[in-house]
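Have a look at the structure below, then the notes.
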Amino acid sequence: MDHAVPSRDAAPLLTGLGDPVDPAETGWASARLSALMGAGFPVRPGFVVTASARERALRETGVDGELAHLYRRAVTGLLDGAWGDGDAGLAGACHRARSLVLRAGLPDRLAADVLTRWSAHPGDPATDLTSLSTCVVDGRDLPTARALVDGTGGARGPGVTAALVAGWGSVFAPSVVAARTDAGHTASPRVAVLVQHGARPAVTGTVTTADPVTGRPDRVVVVARAATVGSGVRRWVFDPTGRLEWPGDASPATTPPLPEHQVLSVVELGLHLQAHADAPQSVQWNLDPEGLWVTDARTVHPPRGSARPRAPHRPPGDPGRTPPCPAPSPEDPGLEVGTAAPVR
1 MDHAVPSRDA APLLTGLGDP VDPAETGWAS ARLSALMGAG FPVRPGFVVT
51 ASARERALRE TGVDGELAHL YRRAVTGLLD GAWGDGDAGL AGACHRARSL
101 VLRAGLPDRL AADVLTRWSA HPGDPATDLT SLSTCVVDGR DLPTARALVD
151 GTGGARGPGV TAALVAGWGS VFAPSVVAAR TDAGHTASPR VAVLVQHGAR
201 PAVTGTVTTA DPVTGRPDRV VVVARAATVG SGVRRWVFDP TGRLEWPGDA
251 SPATTPPLPE HQVLSVVELG LHLQAHADAP QSVQWNLDPE GLWVTDARTV
301 HPPRGSARPR APHRPPGDPG RTPPCPAPSP EDPGLEVGTA APVR
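Below, the structure is given as structure tokens:
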């Protein structure tokens, strides 16, 4: 019996974080954030402009055919050895493709839908940001661009739509085309953009609930950086006794970007996420005037050839295990920890 294949024309153009999502439309990072928001973790509100939305927009603006031709030309040149990723021929094809996307812009209906969804989160134009993260979603997620637009509300709408279109064009950068070709992805890329609202962060960082260098599951490592250009990185290690240590590459005399009570809050967040997923996690976070927020969380694995550790940590007052994040897949394999592949 033949089974009908759902048409991508039926796929949603916009998907809110916290709603059920299809990683093939949103990318795995957005799917993870959506699942975490639905489970009650602190994730900034936002929505995803899906891969199908981009495809329909390019089709409606009449540039999809030439874009596909330019992409095939670029990939063929790379596969045949006619040019490398720095070759003028590749650069010319990619420049033409980006120019087509920028000139085409957004169809009016999609632009109106984006601005309606975006303006539903009013904020202070002096302090708030809109973040747009562009990612190729076929094969392993490949981030290609990130834009920050000051302020929220209707007055800044053109900045958001312009950043969205620029993100669509960023997938035609020669380095992106070369990386996809090297990985065996030769078809025209499918691209999603995550749009999130938030205040300007003061500190950003990661917390890894298995030592990112050794893979030890009984140590939690926090890395923090002040959100200013040129700021240094500070690291803390949380050992099994609950004691904070300074590793050898950082000096306790150097003023850290976080006081100790906030470092412990980051540790607790990482442990709650570990309990939620029932596996060690590498969590990206930021701290702004409104609190501590998760910006991504991925499962980490021990070095190849070693047994999967059962992490002993449980956060204080752990309410019990909640439904896990989307299961790992070949497209979303998690991160490997150990001396050969440290989490960065």
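UniProt numbering applies: residue 1 is where the sequence shown begins, and numbers increase by one. Backbone N, C-alpha and C define an ideal beta-carbon position, used for all residues, glycine too. It should be emphasised that the depicted structure is a prediction, and the values quoted were computed from it without experimental measurement.
Which word fits Thr116, buried or exposed, when buried means at least 16 other C-beta atoms lie within 10 angstroms of its C-beta? Stepping through the sequence shown from its first residue, residue 116 is reached at position 116. When all chains shown are included, Thr116 counts as exposed.
Contacting residues, own chain, Cβ-Cβ under 7 Å from Arg54 (five flanking each side not counted): Numbered from 1 along the sequence shown, position 54 holds the residue referred to as residue 54. Counting only Cβ-Cβ distances below 7 Å, and skipping sequence neighbours, we find Trp168, Val191.
State buried or exposed for Ala183, treating a residue as buried only when at least 16 other CB atoms are found within 10 Å of its CB. Along the sequence shown, one-based indexing puts residue 183 at 183. Exposed is the call here.
Pro42 classed as buried or exposed, judged by whether at least 16 other C-beta atoms fall within 10 angstroms: As a first step, residue 42 must be located in the sequence shown, where it is residue number 42. Flag for Pro42 reads exposed.
With a threshold of 7 Å on Cβ separation, who are the neighbours of Leu70 within its own chain once the five nearest residues in sequence on each side are excluded? Counting from 1 along the sequence shown, the entry for residue 70 is found at position 70. Within the same chain, Leu70 has close Cβ partners Ala93, Arg96, Ala97.
Using DSSP's beta-bridge definition, name the partner residues of Ala104. For the purposes of this step, residue 104 is taken as residue 104 along the sequence shown, with counting starting at 1. Beta-bridge pairing links Ala104 to no other residue.
Can you list the alpha helix (DSSP H) stretches of 4 or more residues lying completely in the region 40-101, in chain order? Listed in chain order, the complete alpha helix (DSSP H) runs (minimum 4 residues) inside the region 40-101 are 51-60, 64-79.
Reduced DSSP secondary structure (H/G/I, E/B, other) of Pro12: Reading the sequence shown from its first residue, position 12 is the one you call residue 12. Coil.
Own chain partners of Asp64 with C-beta closer than 6 Å, once the 5 adjacent residues on each side are dropped: Stepping through the sequence shown from its first residue, residue 64 is reached at position 64. Excluding positions up to five away in sequence, the list reads Leu58.
Cβ-based burial, Gly40 [other Cβ within 10 Å; buried from 16]: The count along the sequence shown starts at 1 and reaches residue 40 at position 40. When all chains shown are included, Gly40 counts as exposed.
Measuring straight from C-alpha to C-alpha, what distance separates Ala120 and Gly46? Against the sequence shown, residue 120 aligns to sequence position 120. Against the sequence shown, residue 46 aligns to sequence position 46. Distance from the CA atom of Ala120 to the CA atom of Gly46, rounded to whole angstroms, is 10 Å.
Assign Leu102 to one of two classes, buried (16 or more other C-beta atoms within 10 Å of its C-beta) or exposed (fewer than that). As a first step, residue 102 is located in the sequence shown; it is residue number 102 there, counting from the start. Only exposed fits Leu102, as fewer than 16 other CB atoms lie within 10 angstroms of its CB.
What distance in whole Å lies between the Cβ atoms of Trp285 and Leu269, which are believed to be in contact at a cut-off of 8 Å? By one-based count along the sequence shown, residue 269 stands at place 269. By one-based count along the sequence shown, residue 285 stands at place 285. At roughly 7 Å, the Cβ-Cβ gap stays under 8 Å, so Leu269 and Trp285 are in contact.
Which residue from Phe172, Leu132, Leu164 puts its Cα closest to that of Gly198? Translated into positions along the sequence shown, residue 198 becomes position 198. Gly198 has its Cα closest to that of Leu132, out of Phe172, Leu132, Leu164.
Would Val49 and Ser30 qualify as a contact pair, given that the criterion is a beta-carbon distance under 8 Å? Walking along the sequence shown from the start, residue 49 turns up at place 49. Walking along the sequence shown from the start, residue 30 turns up at place 30. Cβ distance not < 8 Å, so Val49 and Ser30 don't count as in contact.
Span of the alpha helix (DSSP H), counted from its first residue to its last, around His261: Locating residue 261 in the sequence shown gives position 261, counting from the first residue. Segment 260-277, the alpha helix (DSSP H) holding His261.
Counting only the same chain and skipping the five closest in sequence on each side, list residues whose C-beta sits under 7 Å from that of His185. Looking up residue 185 in the sequence shown gives position 185. Answer for His185: Asp138, Gly139, listed in chain order.
Inter-residue Cα distance where the pair is Ala112 and Asp239: For the purposes of this step, residue 112 is taken as residue 112 along the sequence shown, with counting starting at 1. For the purposes of this step, residue 239 is taken as residue 239 along the sequence shown, with counting starting at 1. Using only the alpha carbons, I get a separation of about 51 Å.
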